[in-house]
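What follows is a single structure, written as structure tokens, with notes after it.
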Ligand code: FES
Ligand SMILES: [Fe+2]
């Protein structure tokens, strides 16, 4: 359980809150790069950490991410004209460049210098791996660029998409670092006992802190002869999870980011990349939800057409006979729909005072502890974990290891140093 006070502290990320200060020390995913296809493209609404913003590319292709409200009389710049290196408010024509400076104020006399006194909030951005990120914190504390390995491979070796979730960001993250739910929530073939996660439905969770967050493993005991099935993951502060995907020559790593939109909503970014030489095949892209846009409305805030109002497409007969949830997990949606259904069912803001955590929840407990510690560290003027570059080479993997093997030591070269595969870099 968590006290109401600490729970609120972890969930609230608006400007001025302790966790808001922590979040603003990282590069925040703001939108997918294709949402801004080229110079002078239509502006896009962005809501991030409770702030309403507008994104655009100017005539030179530079990205602007600025406050939505025009400083004149607060009309939204989303309706603005994106033209000649700036966005112009359509109410009275005030114009702003990507740095937030007012470059034209046609409603005032030509002799006026009022425009030189007006500016809007504009955040610096980084474009990496098909994602545009914003830095919303103090200028002198800007973190290292977010060069996760998946952002460094070619576009053909990677896939990334996003979907809007109607819950606070923390229950998304806690669902991600919860390794044991795979045996239940994502058991989509109940009769199949060949799958290790179906066969062994509890695991020993081991968490090891690092300077970017932690690495954690779930260890399922198969049998003395077979050994242990180990899934090894990473949590990179504040909201990124890396999980093992396909293994072998064309191994893949996938993961998520649960980015706070505001205190009751988050944007879930799903990504996958291959460590092999061949580009990602269509099936893998499909499975990881790139084509989930069949059910995600990109023109309506990336909301899913399967949601609470239609019970997330649950089929009780399928639940009785075939899958644990009855909620679809087909190539159109990946497992994300099942996660979203359950995480939203915990309420927009989960009540953690009345929960009962078990040994399977160790990774969740550690994440909370680290985030609370980060709030204290930042309040005291320090740097939170994960603002450096120490996560650039980490990968997630899964293996069957001998029963007496220490998975952490055994897997360290691949887990931390990128050993074993040389992916195709852009
Ligand atoms: S409200 Fe934007 S120019 Fe007047
Ligand atoms: Fe899940």
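In this note's numbering, the protein residues as written are 30 to 455.
Here a beta-carbon is modelled for each residue, glycine too, at the ideal position from N, C-alpha and C.
Keep in mind that this is a model prediction, so the values were computed, not measured.
*Tell me, please, which residues DSSP counts as bridged to residue 299.*
190, 285
_Spatial distance of residue 251 from residue 258 (CA atoms)_ = 7 Å
*Around ligand 2, which residues pass a check of Cβ closer than 6 Å to any of its heavy atoms?*
204, 210, 214, 215, 364, 368
_Whole-angstrom distance between residue 219 and residue 173, CA atom to CA atom_ = 44 Å
*Could you name the residues that DSSP lists as bridge partners for residue 428?*
259
*May I ask you to report which of helix, strand or coil DSSP gives residue 46?*
coil
*Any Cβ of chain D within less than 8 Å of the Cβ of residue 161?*
Although the question refers to chain D, the structure presented lacks it and comprises just one protein chain.
_Cα-Cα separation, residue 451 to residue 298_ = 25 Å
*Listed in chain order, which residues are found with a beta carbon closer than 5 Å to a heavy atom of ligand 1?*
99, 101, 102, 104, 118, 120, 121, 123
*Sort out for me which residues DSSP pairs residue 236 with in a bridge.*
245
*If you count every other CB in all the chains shown that lies within 10 Å of the CB of residue 440, and 16 or more means buried, which is it?*
buried
_Neighbourhood of residue 134 by C-beta distance below 8 Å, restricted to the same chain and skipping five residues each side_ = 122, 123, 124, 141, 143, 144, 147
_My output table needs one value for residue 438: the three-state DSSP class, helix, strand or coil._
helix
*Cβ-based burial, residue 337 [other Cβ within 10 Å; buried from 16]*: exposed
*What are the boundary residues of the beta strand (DSSP E) that includes residue 93?*
92 to 96
*Taking C-beta to C-beta, are residue 57 and residue 170 nearer than 8 Å?*
no
_I'd like the list of long-range same chain contacts for residue 352, defined as Cβ closer than 8 Å, with 5 residues on each side in sequence excluded._
216, 217, 218, 219, 358
*Secondary structure at residue 276, three-state DSSP: helix, strand or coil?*
coil
_Once DSSP output is grouped into helix, strand and coil, what is the label at residue 315?_
helix
_Cβ pair residue 126, residue 69 closer than 8 Å_ = no
*Where do the ends of the alpha helix (DSSP H) carrying residue 348 lie?*
345 to 350
*Measuring alpha carbon to alpha carbon, tell me which of 425, 417, 433, 339 ends up nearest residue 54.*
417
*Best match in 266, 305, 446, 377 for proximity to residue 395 [C-alpha to C-alpha]*: 266
*Which residues does DSSP pair with residue 455 in a beta bridge?*
Residue 455 is not bridged to any residue.
_Using C-beta distances below 8 Å, list every residue in its chain close to residue 375, excluding the 5 sequence neighbours before and after it, in chain order._
196, 200
_8 Å contact criterion, which residue 300 and residue 188 should meet: CB distance rounded_ = 7 Å
*Would you say the region 282 to 292 touches the region 227 to 236, given that touching needs at least three Cβ pairs under 8 Å?*
no
*Using a Cβ-Cβ cut-off of 7 Å (strictly less than) and excluding sequence neighbours within five positions of residue 319, which residues of its own chain qualify?*
Residue placement at residue 319 is flagged as unreliable, the pLDDT there being 48, under the threshold of 50; a coordinate-derived value is accordingly withheld.
*Same chain, Cβ closer than 6 Å to residue 43, five either side skipped, listed in chain order*: 49, 79
*With residue 133 as the anchor, note down where its beta strand (DSSP E) starts and where it stops.*
131 to 133
*Please list, in chain order, all residues of the same chain as residue 307 whose beta carbon is under 8 Å from its beta carbon, the five residues on each side excluded.*
279
_Judging by CA-CA distance, which residue of 434, 291, 399 is the nearest neighbour of residue 81?_
291
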